[in-house]
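Let me begin by presenting the structure, written as C-alpha cells, before commenting on it.
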Amino acid sequence: MSHEEILSTINFDNLLKLGYAVIDARYCDYEITDNGYKFVIVRVEGDRDNFYLEMMKSYLPSYQPGKDIYEVWSKVLAHKIAMSEILKRDISIKVAFHDFWEINNY
14 MSHEEILSTI
24 NFDNLLKLGY
34 AVIDARYCDY
44 EITDNGYKFV
54 IVRVEGDRDN
64 FYLEMMKSYL
74 PSYQPGKDIY
84 EVWSKVLAHK
94 IAMSEILKRD
104 ISIKVAFHDF
114 WEINNY
C-alpha cells in the first residue's frame with residue numbers, strides 16, 4: 014500500500030472528534046515494527062475545529078485554505094515520508110510543509 018493510500022484511510026475529522034490529531038510522520042527504526050515510518054498522534058486540548066488550520070498557519074503564516082484541509086495535510090504527511098525515504102533520514106514536518114507548498118503552488 015502506498016503512503017497516499019495509507020494516509021487516505023485515516024479519518025482526521027473523526028480523530029479530532031475523539032480529541033486526537035496526527036501531527037507528524039516519523040522516519041526512523043523501531044524494533045517493534047518493520048515500517049520505515051510511524052505517525053505521531055497527540056491529544057488536542059483546545060479548539061479542535063481549527064486545529065489543523067492553526068498548525069499549518071504556524072508553519073506558513075500566510076496559509077489560506079483553498080481545499081479540504083485534511084486532504085492537504087494528508088498530502089503533506091505523504092510528502093514528508095517520501096522526502097525522508099529519499100534522504101534516508103527524518104526531516105522536520107515544517108521543512109516538508111514548505112517543500113510541499115513550494116512544489117505544488119497551493
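For the sequence shown, this note's numbering begins at 14 and goes up steadily by one. By construction, the Cβ of each residue, glycine as well, lies at the ideal position given by its N, Cα and C atoms.
- The C-beta distance from ILE106 to ASP26 rounds to 20 Å, too long to fall under 8 Å, and the pair is not in contact.
- Taken through DSSP and simplified to helix, strand or coil, ASP103 comes out as coil.
- Note that the stretch 64 to 80 touches the stretch 96 to 115; at least 3 beta-carbon pairs, one per stretch, sit closer than 8 Å.
- Under DSSP, the beta-bridge partners assigned to PHE52 are ALA38.
- In chain order, PHE25, ASP26 and TYR65 place their CB closer than 8 Å to the CB of TYR83, counting only its own chain and leaving out the 5 sequence neighbours on each side.
- For LYS80, there is no enclosing alpha helix (DSSP H), as DSSP gives it neither H nor E.
- Sorting GLY79, PHE52 and LYS93 by C-alpha distance to the C-alpha of ILE23 places PHE52 at the top.
- By a beta-carbon distance limit of 8 Å, TYR33 contacts ILE54. Their separation comes to about 5 Å.
- Between GLU115 and TYR40, the beta carbon gap of about 20 Å keeps them out of contact (Cβ cut-off 8 Å).
- In summary, LYS30 is exposed, with fewer than 16 beta-carbon neighbours lying within 10 Å of its beta-carbon over all protein chains present.
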